[in-house]
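**Student:** The sequence shown begins at 1 in my numbering and counts up by one.
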Amino acid sequence: MTRAHPLELPSGRILVPLYSDGYSFSLIAISDDGGATWSSSEPLVGAGAVQPTLVRRRDGAIVAYMRKLGTDIPVKKAAAAAQDPAALKNPYTELKSIKADAKSIYAKDCASCHGDEGKGGLGPALKGSTKSDAELYAIIANGIEANGMPGFSGSLDGQKIWKLVTLIKLGKSDD
Ligand code: HEC
């Protein structure tokens with residue numbers, strides 16, 4: 001089945017990500033003639049690797065972000081992550097001392113979808129968010145999977161997530 005958006009390359013080539021829940025793998029359908037004829041990529045195989053979201057980076061590399069099918073996240077950890085966000089508190093009260101760090105995490109993990117300066121792209125603009133620190137933390141940690149925002153609690157620790165929250169809240173448009 002298909003779910004994620006197609007990607008059109010500057011050459012005119014169209015890539016349509018497809019996946020199978022039943023067999024738990026993905027494929028990319030490729031057309032060079034506006035969809036009249038199609039060929040297929042090699043399968044993208046991984047543990048439960050479905051729903052590929054394609055992003056073309058500035059250097060031309062195409063990255064597929066995969067949703068991981070299954071529930072191998074221990075139930076306790078999932079429950080802890082879903083705790084009342086209002087109970088979470090940002091340890092950083094100013095941006096200056098952590099700005100370089102926050103920007104490098106952003107460039108690596110977020111810019112491909114949210115734009116180089118947080119102005120938006122595949123994901124919405126982040127700078128100037130009116131959401132609270134705790135709400136932003138919960139979104140970054142848990143993601144909004146159904147809409148294509150991956151959760152980062154498995155790859156970024158709490159400090160790094162708070163640095164990103166602080167950058168989003170306190171960063172100026174050129175940060
Ligand atoms: C694969 C693409 C992708 C990546 C990578 C990604 N995001 Fe997102 N993000 C999205 C999409 C799409 C949405 C919109 C979800 C929705 O509309 O519900 C979103 C929504 C958000 C929101 C909610 C915005 C709002 O006000 O509604 C925040 C905050 C956010 N992302 C932060 C981040 C941060 C920080 C990173 C890096 C750690 C990141 N995202 C990485 C795609 C991505």
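The C-beta atom is built at its ideal place from N, Cα and C for all residues, glycine as well.
Output yes or no for whether 9 Å exceeds the beta carbon distance between V165 and I140.
**Tutor:** A contact, by the Cβ cut-off of 9 Å.
**Student:** Would you give the residue range spanned by the beta strand (DSSP E) that I30 belongs to?
**Tutor:** Here the beta strand (DSSP E) through I30 covers F25 to S31.
**Student:** By Cβ distance below 7 Å, which residues in the same chain neighbour G48 in space, the five residues on each side in sequence not counted?
**Tutor:** Same-chain partners within the cutoff: S24, K68, L69 and G70.
**Student:** Once you ignore the five residues that flank G121 on each side, which residues in its own chain have a CB closer than 7 Å to its CB?
**Tutor:** Once the five neighbours on either side are set aside, the close Cβ partners of G121 are C113, H114 and G115.
**Student:** Compute the Euclidean distance between the alpha carbons of N90 and I98, then round it to the nearest angstrom.
**Tutor:** Their Cα atoms are separated by approximately 13 Å.
**Student:** Report yes if the C-beta of N142 is less than 8 Å from at least one heavy atom of the ligand HEC; otherwise report no.
**Tutor:** Not under cutoff, so the answer is no.
**Student:** DSSP three-state label for E145, please.
**Tutor:** Reduced to three states, the DSSP call for E145 is helix.
**Student:** Near the ligand HEC, which residues have their beta-carbon closer than 7 Å to a heavy atom?
**Tutor:** Selection output, chain order preserved: T53, V55, Y65, I105, Y106, D109, C110, S112, C113, H114, L122, G123, P124, L126, S129, K131, L136, I139, I140, I144, N147, G148, M149, P150, F152, L156, L164 and I168.
**Student:** So, does the stretch 11-19 touch the stretch 37-54, judging by three or more C-beta pairs under 8 Å?
**Tutor:** Enough Cβ pairs lie closer than 8 Å, so yes.
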